[in-house]
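A.B. asks: Residue numbers (full-length UniProt numbering): 1 to 569.
Glycine is no exception: its CB is placed at the ideal position from the N, C-alpha and C atoms.
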């Protein structure tokens, strides 16, 4: 039961039927705790009661309570308001400044009183508070009115990688003074500029075992409502649905975009935001161009199988943590890759894998009738059983030099030719529970470069050792057949040699897995772009664009490890 004490203030009645609030303790003022069973007594006695009750109510330090904050700028440590509230079971002296709310228990005077009070002083920084509500006690089923109890602050508390909501109850019966405190706190909280008030939300209903929308309703929507955030929700009906909306909708109506889904959904929304920015700026996407930044930040509610983008900005796969990053307006600039072929932009993304990573995803996509976890393990085991190298030409520009990467001059390219089991290009560390230090631990979210990881041809057993090290403390790159580079641009061109058919054809078993490369029967090569399959017929150019997109979150060094490890290798 949280609402504004005045009808003129429009505050959401969040958690209006909370049983916990029905059991809240009484406010501090002993005069205000008297039952109102004799409400029809003489007018004189009612006025005396009101006068007595107002004595213990919180007072503003300014003579003019309503105009003081707008006409006068206070120092960060200068008291704006001061009063007595009950917090827990004790009465406290509460002080409000521009930056924090401080409270100390009221105790009898003793020789050591000052020293004891200092030890018991507590506070909350207002930069960590995301909502303030008026609290009332209501009977079951009552929607409006109720007995005023005081005001409640909602704090975003951090514990390790987790963010969680914490309520601080300030109890007092005076409606006038609770309104003054409410307005003062509201005004301060409205001054935090990065906090969104209107969001466009896309939900992939088949993510999270087809429970992504319920996850949003249960864990995210109540927090958005509590923070007075308006959410325009679209439940996507097909692949590309979010992209088509982002290309045409009016983005001026929103302060950010939110995606509830896995890495594929995130990639689609991120690509849509960036493509819309290029359209608005008049960029020619059928050429090698310098892209402009996206107009709005992107929030990610993890609801997929790996959620590497969400883990990279949250460090943890937890919807409440992600929602609070959005509510608090935590902004993290992120580098983004562009993928182009034959001079035409194919898409924007964060990471790409060619070879083993692409073939595994292609096989999994052909078995979508299987349950997701079973499909992934089947594809991984089958691709390992038919492990064969890709014959390709790999060129790259290192992060040293290449001031104008749009020109990509031939003189700055370094070229390798040979057989590779897997090639990864990643602009973000790609943290996940299976690889807590990241698939690309040498890169960061916004360092202006990509990690190039080229795994040369080797035996199946050595390659499996490399894969297993992603979940251990040992370096996954400590093998002679692996080379890593920090790069600005990469070109990869498959070379048509050999006669083996497609990746998992049963007839492939006669081919020598160490020397015979794979050639796609359809003339295209599968790429794994952020968990999305992209078929490319020829050379692919990948460039990094520093801080092209802003995500709600923070740069994480390491992700939370999963207690369950993959058992398929």
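To the nearest angstrom, how far is it from the Cα of residue 99 to the Cα of residue 83?
C.D. replies: Your numbering for residue 99 matches position 99 in the chain shown. Your numbering for residue 83 matches position 83 in the chain shown. Looking at the two C-alpha atoms, the distance is approximately 17 Å.
A.B. asks: Are the region 183 to 197 and the region 276 to 284 in contact at 8 Å, needing three or more beta carbon pairs?
C.D. replies: The region 183 to 197 vs the region 276 to 284: no contact.
A.B. asks: What residue ranges within the region 422 to 493 form continuous alpha helix (DSSP H) runs of no fewer than 4 residues, ordered along the chain?
C.D. replies: Segments of the alpha helix (DSSP H) lying fully in the region 422 to 493: 460 to 468.
A.B. asks: For the alpha helix (DSSP H) holding residue 192, just list the boundary residues, first then last.
C.D. replies: Here residue 192 refers to the residue found at position 192 when the chain shown is read from its first residue. Element bounds for residue 192: n/a, residue is neither H nor E.
A.B. asks: According to DSSP, simplified to helix, strand and coil, what is residue 350?
C.D. replies: Here the question's residue 350 lines up with position 350 in the chain shown. Here residue 350 sits in coil by DSSP.
A.B. asks: Run through the region 238 to 289 for me and flag every whole beta strand (DSSP E) of 3 or more residues, listed as ranges in chain order.
C.D. replies: The region 238 to 289 contains these whole beta strand (DSSP E) runs: 256 to 261.
A.B. asks: Please state the DSSP three-state secondary structure of residue 554.
C.D. replies: Here residue 554 refers to the residue found at position 554 of the chain shown. Residue 554: coil per DSSP, three-state reduction.
A.B. asks: Give the range of the beta strand (DSSP E) segment to which residue 86 is assigned.
C.D. replies: For this step, residue 86 is matched to residue 86 along the chain shown. That run of the beta strand (DSSP E) goes 81 to 87.
A.B. asks: Just list the alpha helix (DSSP H) runs in the region 148 to 235, keeping only unbroken ones of 4 residues or longer that don't cross its boundaries, in chain order.
C.D. replies: Counting only runs of 4 or more, we get 175 to 189, 207 to 210, 212 to 215, 221 to 226.
A.B. asks: Taking its Cβ as the centre, do 16 or more other Cβ atoms sit within 10 Å of residue 200, making it buried, or is it exposed?
C.D. replies: The count along the chain shown starts at 1 and reaches residue 200 at position 200. With 16 or more other Cβ atoms within 10 Å, it is buried.
A.B. asks: For residue 206, which residues from the same chain have a beta carbon less than 8 Å from its beta carbon, with the 5 sequence-adjacent residues on both sides left out?
C.D. replies: Position 206 of the chain shown, counting from 1, holds the residue named residue 206. Closer than 8 Å at the Cβ level, and outside the excluded window around residue 206, lie 212.
A.B. asks: When you compare only the Cα positions, how much space is there between residue 543 and residue 123?
C.D. replies: The residue you call residue 543 lines up with position 543 of the chain shown. The residue you call residue 123 lines up with position 123 of the chain shown. Approximately 48 Å between the Cα atoms of the pair.
A.B. asks: In chain order, what residues of the same chain have a beta carbon less than 8 Å from the beta carbon of residue 484, not counting five sequence neighbours either side?
C.D. replies: Taking the chain shown and counting its residues from 1, the one referred to as residue 484 is at position 484. Correct list, in chain order: 442, 451, 452, 453, 454, 477.
A.B. asks: For residue 324 and chain D, any beta-carbon pair shorter than 8 Å?
C.D. replies: Checking the listed chains, one finds no chain D in this structure; it contains a single protein chain.
A.B. asks: Whether or not the region 463 to 473 and the region 361 to 378 are in contact is what I'm after, with contact meaning three or more pairs of Cβ atoms, one per stretch, closer than 8 Å; do they touch?
C.D. replies: No, they do not touch.
A.B. asks: Determine the contact status of residue 445 and residue 438, defining contact as a CB-CB distance below 8 Å.
C.D. replies: Stepping through the chain shown from its first residue, residue 445 is reached at position 445. Stepping through the chain shown from its first residue, residue 438 is reached at position 438. Result no, Cβ atoms of residue 445 and residue 438 do not sit closer than 8 Å.
A.B. asks: Residue ranges of each alpha helix (DSSP H) run of no fewer than 4 residues wholly in the region 321 to 405, ordered along the chain?
C.D. replies: The region 321 to 405 contains these whole alpha helix (DSSP H) runs: 356 to 365, 372 to 385.
A.B. asks: Ordered along the chain, which non-local residues of its own chain (more than five positions away) have a Cβ less than 7 Å from that of residue 487?
C.D. replies: Counting from 1 along the chain shown, the entry for residue 487 is found at position 487. Answer for residue 487: 396, 397, 398, 399, 449, 450, 452, listed in chain order.
A.B. asks: Verify whether the separation of the beta carbon atoms of residue 333 and residue 319 is less than 8 Å.
C.D. replies: As a working mapping, residue 333 is identified with position 333 in the chain shown. As a working mapping, residue 319 is identified with position 319 in the chain shown. Result no, Cβ atoms of residue 333 and residue 319 do not sit closer than 8 Å.
A.B. asks: Taking only three categories from DSSP, how would you classify residue 310?
C.D. replies: Residue numbering aside, residue 310 sits at position 310 when the chain shown is read from its first letter. Residue 310 falls in the helix class under three-state DSSP.
A.B. asks: Is it the case that the Cβ atoms of residue 146 and residue 138 are separated by a distance below 8 Å?
C.D. replies: As a first step, residue 146 must be located in the chain shown, where it is residue number 146. As a first step, residue 138 must be located in the chain shown, where it is residue number 138. Contact flag set, yes.
A.B. asks: Name the one or two DSSP bridge partners that residue 131 has.
C.D. replies: By 1-based counting over the chain shown, the position of residue 131 is 131. Residue 131 pairs with 154.
A.B. asks: For residue 142, name the three-state secondary structure that DSSP assigns.
C.D. replies: Along the chain shown, one-based indexing puts residue 142 at 142. Correct three-state label for residue 142: coil.
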